[in-house]
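A.B. asks:
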Amino acid sequence: MTERFQPIMREGADPAQAVFKAQPHPGVGRIVRVEDGLRFERDIPVRLRDGVEMLVDMYLPADLPEGATVPAIIGWSPYGKHNLADNLWPSAGIEPGWISKHTAFEAPDPAYWCAHGYAVVYPDPRGSWYSQGEMNHGGPQEAEDTYDLIEWCAEQPWCNGRVGMSGVSYLAASQYQVAPLKPPHLAAINPWEAFSDWYREFGYHGGIRDTGFVPKATMGLRWSTTRTEDTMANMLAHPLIDEYWRSKDVDLAGTECPAFFVASWSDQGFHTRGTLEAYKAASSPHKYLLVHGQKKWAHYYDPANVELLRAFFDTNLRGEGKLDWPPVRIEVRERSGVGTWRDEQEWPLARTEYMPLHLDAASHSLSREPVPDESEARYDSEAGGSAHFDIRFDEDTELTGHAKLRLWVETPEHDDMDIFVALQKLDGQGNIVPFTFYATSEEGPVALGWLRASHRALDAEKSTPWQPVHPHTHEEPLEPGVAVPLEIEIWPSSTLFRAGEGLRVLVQGEDIYTEIPQPGPSMMRHEDTRNRGIHVLRTGGRYDSHLLVPVIPKDA
Numbered sequence: 032m033t034e035r036f037q038p039i040m041r042e043g044a045d046p047a048q049a050v051f052k053a054q055p056h057p058g059v060g061r062i063v064r065v066e067d068g069l070r071f072e073r074d075i076p077v078r079l080r081d082g083v084e085m086l087v088d089m090y091l092p093a094d095l096p097e098g099a100t101v102p103a104i105i106g107w108s109p110y111g112k113h114n115l116a117d118n119l120w121p122s123a124g125i126e127p128g129w130i131s132k133h134t135a136f137e138a139p140d141p142a143y144w145c146a147h148g149y150a151v152v153y154p155d156p157r158g159s160w161y162s163q164g165e166m167n168h169g170g171p172q173e174a175e176d177t178y179d180l181i182e183w184c185a186e187q188p189w190c191n192g193r194v195g196m197s198g199v200s201y202l203a204a205s206q207y208q209v210a211p212l213k214p215p216h217l218a219a220i221n222p223w224e225a226f227s228d229w230y231r232e233f234g235y236h237g238g239i240r241d242t243g244f245v246p247k248a249t250m251g252l253r254w255s256t257t258r259t260e261d262t263m264a265n266m267l268a269h270p271l272i273d274e275y276w277r278s279k280d281v282d283l284a285g286t287e288c289p290a291f292f293v294a295s296w297s298d299q300g301f302h303t304r305g306t307l308e309a310y311k312a313a314s315s316p317h318k319y320l321l322v323h324g325q326k327k328w329a330h331y332y333d334p335a336n337v338e339l340l341r342a343f344f345d346t347n348l349r350g351e352g353k354l355d356w357p358p359v360r361i362e363v364r365e366r367s368g369v370g371t372w373r374d375e376q377e378w379p380l381a382r383t384e385y386m387p388l389h390l391d392a393a394s395h396s397l398s399r400e401p402v403p404d405e406s407e408a409r410y411d412s413e414a415g416g417s418a419h420f421d422i423r424f425d426e427d428t429e430l431t432g433h434a435k436l437r438l439w440v441e442t443p444e445h446d447d448m449d450i451f452v453a454l455q456k457l458d459g460q461g462n463i464v465p466f467t468f469y470a471t472s473e474e475g476p477v478a479l480g481w482l483r484a485s486h487r488a489l490d491a492e493k494s495t496p497w498q499p500v501h502p503h504t505h506e507e508p509l510e511p512g513v514a515v516p517l518e519i520e521i522w523p524s525s526t527l528f529r530a531g532e533g534l535r536v537l538v539q540g541e542d543i544y545t546e547i548p549q550p551g552p553s554m555m556r557h558e559d560t561r562n563r564g565i566h567v568l569r570t571g572g573r574y575d576s577h578l579l580v581p582v583i584p585k586d587a
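Under this note's numbering, the very last position in the sequence shown is 587; numbers go up by exactly one each time.
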């Protein structure tokens, strides 16, 4: 086995001092109790292949007859198996009664699943909380540990030999890691929204470092009796894609087991892109995709969606029933809370017609025809300046899929610049139409994109006309006063624009959406920018600045 990359580590913080969590840690010790129809066993030691022991909690149906067996569902998370989710923020949209007090954060609810003939297993992974060893976030060690827990579950006398995984965010990302290893008893996975590209979707959007979510998440992952990976320190030490980020690469094509992927248009800047990329790459002959525009935790715990997931697991973990599902189901949004569901055969949609909308700085407009005359828009990148470009649709128009902004930029005073882009919907009066955003907000965009100009190089093998991919392995400084073209990826979305409604492209040098309801989760921010002075956007003539949008034909 080749030597593995060793990230920067730090001493763990005493788990007993984690007073900010939803509940104080209950301490270590084997407990077996029966309540609420559940047989609960806490702190079961599970020996991993190198002899390290991690602690897991297990829930079984209390009335399981001796000798009977059930499938297991694993919720793999470093957030603490004791850290329960029945008190999530009100703005998350979870209704009373949707989850029980036994539910770990972003994990399947044992009360529901045990009542329907399943076991639920929550681990504290290696090096987290009171488990032995040192913790890495992602990468081959965590993938192998997940493999070992899957096989441990399958060997238990109560297990029917079939193991599944479910959960949101980290609990979904862990499934991307382990599925390609093909544990013999991993029978199905359910990644419910998670990034799959650690650099482009988690650490550095368009090469611009996240300063909001990651620092706070790093503090929340320090609870250990040994050492844990210092994610924040590693990010600062590795601003470009190098051996650190490659150590977290996931073989998405290696997913061959049945898989039910759930993504959302609403998690722009966090999970939207990664879940869709994981679905596209997966090799499973039995893979399904559902994409919604709602709040992710509310969507995961909505009783109708839990029943949908049970149908998937009943088929693949219990051998009961048969799925007659379309490969893809999407929600075409009109505004926050309003959308229409439609079945599809693939993603991206094969019938997509990519249409360029040409930017015209002179009129702040988007045009279906090339703009013959050159013009420019300027804004002060350090004083909240921005530029926008609008088009009004004269007939109902659906945009579903990947978008790209080709933008000619120039800075008179500096050798770099950070560009932030939002696609917004305008109503018939020109007002911005809000969309669900970031798990708790109802005041978000259609879609977002970002790019640091010095990261403008393209990966020719991976890029497509509608989805540019940047290698982020080196920087190319700008020459002050010289315009260059940027190819900016706009994360996927699905939106219906009625006749008379409009689309706006908003461009500026800082985050466009910065506020979500509080108390609530931390959101992505990008405060460590390289902007200085005026940004110049050039359009028309020699400067073919345009937005490439995915139009879905009405008569298809």
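All residues carry an ideal CB built from backbone N, CA and C; glycine is no exception.
Secondary structure at ILE39, three-state DSSP: helix, strand or coil?
C.D. replies: Walking along the sequence shown from the start, residue 39 turns up at place 8. Three-state result, ILE39: coil.
A.B. asks: From this set, ILE130, LEU320, GLY170, ILE105, which residue's C-alpha is nearest LEU115's C-alpha?
C.D. replies: As a working mapping, residue 115 is identified with position 84 in the sequence shown. Checking every option, the nearest Cα to that of LEU115 belongs to ILE130.
A.B. asks: Buried or exposed, going by whether 16 or more other CB atoms sit within 10 Å of the CB of TRP107?
C.D. replies: Start at 1 with the first residue of the sequence shown, and residue 107 comes out as number 76. TRP107 is buried by the Cβ-count criterion.
A.B. asks: Cα separation between LEU388 and VAL582?
C.D. replies: Here residue 388 corresponds to residue number 357 of the sequence shown, with the count starting at 1. Here residue 582 corresponds to residue number 551 of the sequence shown, with the count starting at 1. Roughly 11 Å separates the two Cα atoms.
A.B. asks: With DSSP as the reference, please indicate the residues paired to VAL515 in a beta bridge.
C.D. replies: Locating residue 515 in the sequence shown gives position 484, counting from the first residue. Note: VAL515 sits in a beta bridge opposite VAL440.
A.B. asks: Can you pull the DSSP bridge partners for TRP276?
C.D. replies: Looking up residue 276 in the sequence shown gives position 245. Note: TRP276 sits in no beta bridge, so no partner.
A.B. asks: Counting C-beta neighbours from all protein chains within 10 Å, is the total for MET32 16 or more, i.e. buried, or is it exposed?
C.D. replies: Within the sequence shown, residue 32 is the residue found at index 1, counting from 1. Note that MET32 scores a pLDDT of 43, beneath 50, so its modelled location is shaky; the value from the coordinates is reported in the next line. Its Cβ having fewer than 16 others within 10 Å, MET32 is exposed.
A.B. asks: LYS112: buried (16+ other C-beta within 10 angstroms of its C-beta) or exposed?
C.D. replies: Here residue 112 is taken as the residue at index 81 of the sequence shown, counted from 1. Here LYS112 is buried, its C-beta having at least 16 other C-beta atoms within 10 Å.
A.B. asks: Under the assumption that PHE466 contacts SER297 (Cβ atoms under 8 Å), give the Cβ distance between them as a whole number of angstroms.
C.D. replies: Indexing the sequence shown from 1 puts residue 466 at position 435. Indexing the sequence shown from 1 puts residue 297 at position 266. Indeed they touch by this definition, with Cβ atoms about 7 Å apart.
A.B. asks: Look at ASN265 and ILE39 and say whether their C-beta atoms are less than 8 Å apart.
C.D. replies: Translated into positions along the sequence shown, residue 265 becomes position 234. Translated into positions along the sequence shown, residue 39 becomes position 8. Taking 8 Å as the cut-off, the Cβ atoms of ASN265 and ILE39 count as close.
A.B. asks: Using 10 angstroms around the beta-carbon of ILE62, count the other beta-carbons present and answer buried if the total reaches 16, otherwise exposed.
C.D. replies: The residue you call residue 62 lines up with position 31 of the sequence shown. The residue in question, ILE62, is exposed, as its Cβ has fewer than 16 Cβ neighbours within 10 Å.
A.B. asks: What residue does the beta strand (DSSP E) around MET386 start on, and which one ends it?
C.D. replies: Indexing the sequence shown from 1 puts residue 386 at position 355. Looking at the DSSP string, the run of the beta strand (DSSP E) that includes MET386 is 384 to 391.
A.B. asks: Give me the residue from THR545, TYR469, GLY475, TYR574 with the minimum Cα distance to LEU517.
C.D. replies: As a first step, residue 517 is located in the sequence shown; it is residue number 486 there, counting from the start. Closest option to LEU517, Cα to Cα, is TYR574.
A.B. asks: For THR346 and TRP229, I'd like the C-alpha separation in whole angstroms.
C.D. replies: Start at 1 with the first residue of the sequence shown, and residue 346 comes out as number 315. Start at 1 with the first residue of the sequence shown, and residue 229 comes out as number 198. One C-alpha to the other measures close to 32 Å.
A.B. asks: Which residue or residues does DSSP assign as beta-bridge partners of HIS566?
C.D. replies: As a first step, residue 566 is located in the sequence shown; it is residue number 535 there, counting from the start. Per DSSP, TYR410.
A.B. asks: What residue from THR371, GLY148, ASP391, LEU212 has the CA that sits closest to ARG400's CA?
C.D. replies: In the sequence shown, counting from the first residue as 1, residue 400 sits at position 369. Checking the sequence shown, residue 400 turns out to be Glu, not Arg. For the residues THR371, GLY148, ASP391, LEU212, the minimum Cα distance to GLU400 belongs to ASP391.
A.B. asks: From ASN562 to LEU537, what does the alpha carbon distance come to, in whole angstroms?
C.D. replies: On the sequence shown, position 531 is the one that residue 562 refers to. On the sequence shown, position 506 is the one that residue 537 refers to. Between ASN562 and LEU537, the C-alpha separation is close to 17 Å.
A.B. asks: Helix, strand or coil for MET32 per DSSP?
C.D. replies: Taking the sequence shown and counting its residues from 1, the one referred to as residue 32 is at position 1. Below a pLDDT of 50, predicted positions are generally treated as unreliable, and MET32, at 43, falls in that range; the measurement from the model is reported next regardless. Residue state, collapsed to three classes: coil.
A.B. asks: Once the 5 residues before and after PRO171 are set aside, which same chain residues still bring their CB inside 7 Å of it?
C.D. replies: Looking up residue 171 in the sequence shown gives position 140. Hits under 7 Å: ARG35.
A.B. asks: Alpha carbon to alpha carbon, what distance is there between TYR143 and HIS323?
C.D. replies: Along the sequence shown, read from residue 1 onward, the residue named residue 323 stands at position 292. Along the sequence shown, read from residue 1 onward, the residue named residue 143 stands at position 112. Taking the straight line from one Cα to the other gives about 23 Å.
A.B. asks: Given 8 Å as the limit, is there contact between the segment 244 to 256 and the segment 150 to 166, that is, 3 or more CB pairs closer than that?
C.D. replies: They touch, by the three-pair rule.
A.B. asks: Thinking just about the alpha-carbon of each residue, which of LEU430, GLN539, THR560 is nearest to the one in LEU380?
C.D. replies: In the sequence shown, residue 380 corresponds to position 349, counting from 1. It is LEU430 whose Cα lies nearest to the Cα of LEU380.
A.B. asks: Closer than 7 Å by C-beta to TRP189: which residues in its own chain qualify, once you throw out the five before and the five after it? Chain order, please.
C.D. replies: Stepping through the sequence shown from its first residue, residue 189 is reached at position 158. Cβ neighbours of TRP189 beyond the five flanking positions: LEU91, LEU95, THR100, VAL101, ALA150.
A.B. asks: Pick out the complete beta strand (DSSP E) segments inside the segment 131 to 201, 3 residues or longer, and give them in chain order.
C.D. replies: 150 to 155, 190 to 199
A.B. asks: Taking GLY571 as the reference, which of MET554, GLY124, ARG304, PRO403 has the closest Cα?
C.D. replies: By one-based count along the sequence shown, residue 571 stands at place 540. Ranking the options by Cα distance to GLY571, first place goes to PRO403.
A.B. asks: Could you give the DSSP three-state label for GLN208: helix, strand or coil?
C.D. replies: Your numbering for residue 208 matches position 177 in the sequence shown. Helix, per DSSP.
A.B. asks: Can the beta-carbon of THR471 be found less than 8 Å from the beta-carbon of ALA123?
C.D. replies: Position 440 of the sequence shown, counted from the start, is the residue given in the question as residue 471. Position 92 of the sequence shown, counted from the start, is the residue given in the question as residue 123. Contact flag set, yes.
A.B. asks: Identify whether ALA116 lies in helix, strand or coil by the three-state DSSP scheme.
C.D. replies: Taking the sequence shown and counting its residues from 1, one reaches residue 116 at position 85. In this structure, ALA116 counts as coil in the three-state DSSP scheme.
A.B. asks: In the DSSP assignment, find the unbroken alpha helix (DSSP H) run with MET263 in it and report its ends.
C.D. replies: What you label residue 263 is simply residue 232 of the sequence shown in a count that begins at 1. Here the alpha helix (DSSP H) through MET263 covers 262 to 268.
A.B. asks: For the alpha helix (DSSP H) containing HIS330, name the first residue and the last one.
C.D. replies: Counted from its first residue, the sequence shown places residue 330 at position 299. HIS330 -> alpha helix (DSSP H) spans 327 to 332.
A.B. asks: Which residue's Cα is closest to the Cα of CYS184: GLY195, ALA174, GLU175?
C.D. replies: Against the sequence shown, residue 184 aligns to sequence position 153. The alpha carbon of CYS184 has as its nearest neighbour, out of GLY195, ALA174, GLU175, the alpha carbon of GLY195.
A.B. asks: Would you kindly report the start and end of the unbroken alpha helix (DSSP H) that includes ALA453?
C.D. replies: Locating residue 453 in the sequence shown gives position 422, counting from the first residue. Run containing ALA453: none in the alpha helix (DSSP H); it sits in the beta strand (DSSP E), 449 to 457.
A.B. asks: With C-beta atoms as the reference, is ILE361 less than 8 Å away from GLU377?
C.D. replies: On the sequence shown, position 330 is the one that residue 361 refers to. On the sequence shown, position 346 is the one that residue 377 refers to. Cβ distance not < 8 Å, so ILE361 and GLU377 don't count as in contact.
A.B. asks: Quick one, which of ASP333, PHE301, SER396, PHE343 has its alpha-carbon nearest LEU320's?
C.D. replies: Position 289 of the sequence shown, counted from the first residue, corresponds to residue 320. Per the Cα distances, PHE343.
A.B. asks: What do you get for GLU173, buried or exposed, if any count of 16 or more other CB atoms within 10 angstroms of its CB means buried?
C.D. replies: In the sequence shown, residue 173 corresponds to position 142, counting from 1. That one is buried.
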